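Numbering of the sequence shown is given in the working numbering, commencing with residue 88 and proceeding in unit increments.
So the structure is just underneath, and the comments pick up after that.
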Amino acid sequence: MYESSSFPTSSPILVFTCFVFGYSHPSRSRPSRHLLFVFVRTHSAVQGTPLSATLSLVMSQCCRKIKDTVQKLASDHKDIHSSVSRVGKAIDRNFDSEICGVVSDAVWDSREKQQQTLQMAILEHLYQQGMLSVAEELCQESTLNVDLDFKQPFLELNRILEALHEQDLGPALEWAVSHRQRLLELNSSLEFKLHRLQFIRLLAGGPEKQLEALSYARHFQPFAHVHQREIQVMMGSLVYLQLGLEKSPYCHLLDNSHWAEICETFTRDACSLLGLSVESPLSVSFASGCVALPVLMNIKAVMEQRQCSGVWSHKDELPIEIELGMKCWYHSVFACPILRQQTSDSNPPIKLICGHVISRDALNKLINGGKLKCPYCPMEQNPADGKRIIF
Numbered sequence: 088m089y090e091s092s093s094f095p096t097s098s099p100i101l102v103f104t105c106f107v108f109g110y111s112h113p114s115r116s117r118p119s120r121h122l123l124f125v126f127v128r129t130h131s132a133v134q135g136t137p138l139s140a141t142l143s144l145v146m147s148q149c150c151r152k153i154k155d156t157v158q159k160l161a162s163d164h165k166d167i168h169s170s171v172s173r174v175g176k177a178i179d180r181n182f183d184s185e186i187c188g189v190v191s192d193a194v195w196d197s198r199e200k201q202q203q204t205l206q207m208a209i210l211e212h213l214y215q216q217g218m219l220s221v222a223e224e225l226c227q228e229s230t231l232n233v234d235l236d237f238k239q240p241f242l243e244l245n246r247i248l249e250a251l252h253e254q255d256l257g258p259a260l261e262w263a264v265s266h267r268q269r270l271l272e273l274n275s276s277l278e279f280k281l282h283r284l285q286f287i288r289l290l291a292g293g294p295e296k297q298l299e300a301l302s303y304a305r306h307f308q309p310f311a312h313v314h315q316r317e318i319q320v321m322m323g324s325l326v327y328l329q330l331g332l333e334k335s336p337y338c339h340l341l342d343n344s345h346w347a348e349i350c351e352t353f354t355r356d357a358c359s360l361l362g363l364s365v366e367s368p369l370s371v372s373f374a375s376g377c378v379a380l381p382v383l384m385n386i387k388a389v390m391e392q393r394q395c396s397g398v399w400s401h402k403d404e405l406p407i408e409i410e411l412g413m414k415c416w417y418h419s420v421f422a423c424p425i426l427r428q429q430t431s432d433s434n435p436p437i438k439l440i441c442g443h444v445i446s447r448d449a450l451n452k453l454i455n456g457g458k459l460k461c462p463y464c465p466m467e468q469n470p471a472d473g474k475r476i477i478f
């Protein structure tokens, strides 16, 4: 590397050469900088002295080297420019900029309701990501009426997560203890993991914290029947406390990955307890749309080619099945065995007294004289006795 301050730049020819090669620009290639250094050194040597045969030969070789390097740089730039220009054409060829016509507007709700639904989805996403000030600004600019009951779970969730990111377990432990019974119903190990992490923090304090760690170990008693092995490991680590856990078989207890794990566990269990999804509906919708949109674009092209219309006329059902993966499976679906249609909120599954399940539309069509006869067994029953099933 050659510092520009060491180069004499009094000669106009030298200044022009420096401008051409851009030696002061940090992104220039090393051969160009080296070549410029050779030129400057040669120029400095011959400046103010007559050119001898040797110096003339050196200058000729230097100029020839400059010419070859410039030609090589121009050739490389030409190759790169050709590849870059093809990228733009590939984007235009493979991406359809007009996606609004994938589905008819008749499938969706009114534009006002669409806008309100989208604003609420964005608002929930902002709250869930902890962008509270941005969410409040959106509420004011969009005139959305959001009550405190909607905000409170997100505010509490983010307050505890911020404390965990600062390695403060107090708020999370307080929350877990106050919701202990409901967490047990979910088979959650959140409270135990929080106590374990607090115990590990005491172990990291060295021998001075040994008595405090032993005293804190009493918090593990309610979890002994489920997490016995993990408790034994933590108790065994006390043997190496005098020597230092960093060089012991229990050094994995000091891994910082435990903090990332506890944040994930708290988010998952808290969202489940509060009736929230771990990922915001906006994130899930966006990811699903990225998978589904290419398929729907192909369907649109086929429909236009075959001059078909009315293929997609219901917002509760796509014109073709699209595989989104297991992570997008939230509940089971039911297809009516009579009408061979997937049930929806407006046409839910109904369980008959005999145990068979059909859709509400099918039930209404099977009513005859105020009575309903099951299509799978001869039992007659009152249609009002059917019960809606919720998956």
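We put the CB at the ideal spot given by N, CA and C, even for glycine.
All values derive from a computational prediction rather than experimental measurement.
In angstroms with no decimal places, state the Cα-to-Cα distance between residue i and residue j.
{"i": "Ser162", "j": "Lys176", "result": "22 Å"}
{"i": "Ser172", "j": "Gln158", "result": "21 Å"}
{"i": "Ile386", "j": "Asp356", "result": "40 Å"}
{"i": "Ile477", "j": "Cys464", "result": "23 Å"}
{"i": "Pro381", "j": "Ser344", "result": "38 Å"}
{"i": "Val174", "j": "Arg180", "result": "10 Å"}
{"i": "Asp342", "j": "His312", "result": "25 Å"}
{"i": "Ile349", "j": "Gly331", "result": "24 Å"}
{"i": "Phe310", "j": "Gly442", "result": "41 Å"}
{"i": "Gln201", "j": "Met207", "result": "10 Å"}
{"i": "Tyr303", "j": "Gly257", "result": "14 Å"}
{"i": "Glu253", "j": "Glu351", "result": "15 Å"}
{"i": "Ser335", "j": "Gly323", "result": "11 Å"}
{"i": "Trp346", "j": "His339", "result": "13 Å"}
{"i": "Arg427", "j": "Arg305", "result": "59 Å"}
{"i": "Val371", "j": "Cys415", "result": "8 Å"}
{"i": "Cys149", "j": "Thr141", "result": "12 Å"}
{"i": "Gln392", "j": "Lys154", "result": "58 Å"}
{"i": "Ser197", "j": "Val420", "result": "27 Å"}
{"i": "Asn451", "j": "His418", "result": "26 Å"}
Is the Cβ of residue i closer than 8 Å to any Cβ of chain C?
{"i": "Glu351", "result": "Chain labels in this structure do not include chain C; a single protein chain is all it has."}
Cutting at 8 Å between CB atoms, please list the residues of its own chain near residue i, excluding the five before and the five after it.
{"i": "Glu243", "result": "Trp262"}
{"i": "Thr354", "result": "Leu244, Leu248 and Val365"}
{"i": "Pro435", "result": "Ser446, Arg447, Arg475, Ile476 and Ile477"}
{"i": "Leu369", "result": "Ala208, Ile209, Glu211 and His212"}
I believe residue i touches residue j by the beta-carbon criterion, under 8 Å. Please report the beta-carbon distance rounded to the nearest angstrom.
{"i": "Ile209", "j": "Leu225", "result": "7 Å"}
{"i": "Leu281", "j": "Ala300", "result": "The Cβ separation is near 15 Å, so there is no contact."}
{"i": "Ser367", "j": "His212", "result": "4 Å"}
{"i": "Asp472", "j": "Ile425", "result": "No, Asp472 and Ile425 are not in contact; Cβ-Cβ is about 18 Å, not under 8 Å."}
{"i": "Val480", "j": "Met390", "result": "No statement about residue 480 is possible, as the shown extent of the chain runs from 88 to 478 and does not include it."}
Count the other CB atoms within 10 Å of the CB of residue i; is the residue buried (16 or more) or exposed (fewer)?
{"i": "Glu228", "result": "exposed"}
{"i": "Phe182", "result": "exposed"}
{"i": "His278", "result": "In the sequence under discussion, the amino acid at residue 278 is Glu, which differs from the His named in the question. So Glu278 counts as buried."}
{"i": "Ala388", "result": "exposed"}
{"i": "Ala259", "result": "buried"}
{"i": "Met321", "result": "buried"}
{"i": "Ile454", "result": "exposed"}
{"i": "Leu251", "result": "buried"}
{"i": "Leu459", "result": "buried"}
{"i": "Ile437", "result": "buried"}
{"i": "Tyr337", "result": "buried"}
{"i": "Ala222", "result": "buried"}
{"i": "Met88", "result": "Because the pLDDT of Met88 is 41, which lies under 50, any placement of that residue in the model is unreliable, and the number read from its coordinates should be weighed accordingly. That one is exposed."}
{"i": "Ala449", "result": "buried"}
{"i": "Thr230", "result": "exposed"}
{"i": "Cys423", "result": "buried"}
{"i": "Thr430", "result": "buried"}
In chain order, what residues of the same chain lie with their CB nearer than 7 Å to the CB of residue i, ignoring the 5 residues before and after it?
{"i": "Ser433", "result": "none"}
{"i": "Ala291", "result": "Leu341"}
{"i": "Ser169", "result": "none"}
For residue i, which residues of its own chain have a beta-carbon under 6 Å away from its beta-carbon, when the five flanking residues on both sides are left out?
{"i": "Pro294", "result": "Leu328 and Gln329"}
{"i": "Asn469", "result": "none"}
{"i": "Pro113", "result": "With a pLDDT of 42 at Pro113, under the threshold of 50, the modelled position of this residue cannot be trusted; read the value that follows with caution. Within the same chain, Pro113 has no close Cβ partners at all."}
{"i": "Met466", "result": "Cys441"}
{"i": "Phe307", "result": "Ile318"}
{"i": "Cys461", "result": "Leu439, Cys441 and His443"}
{"i": "Val233", "result": "Cys226"}
{"i": "Asn412", "result": "The displayed chain sequence assigns Gly, not Asn, to residue 412. Cβ neighbours of Gly412 beyond the five flanking positions: none."}
* Asked: Taking one C-beta from the segment 365-377 and one from the segment 280-293 each time, how about it: are there three or more such pairs within less than 8 Å?
  -> Counting Cβ pairs under 8 Å, fewer than three are found: no touch.
* Should the segment 357-365 be called in touch with the segment 268-278, which here means at least 3 C-beta pairs below 8 Å? -> Yes, they touch.
* Three-pair Cβ contact test at 8 Å for the segment 239-255 versus the segment 213-223 -> In short, these stretches touch, since the Cβ pair count reaches three.
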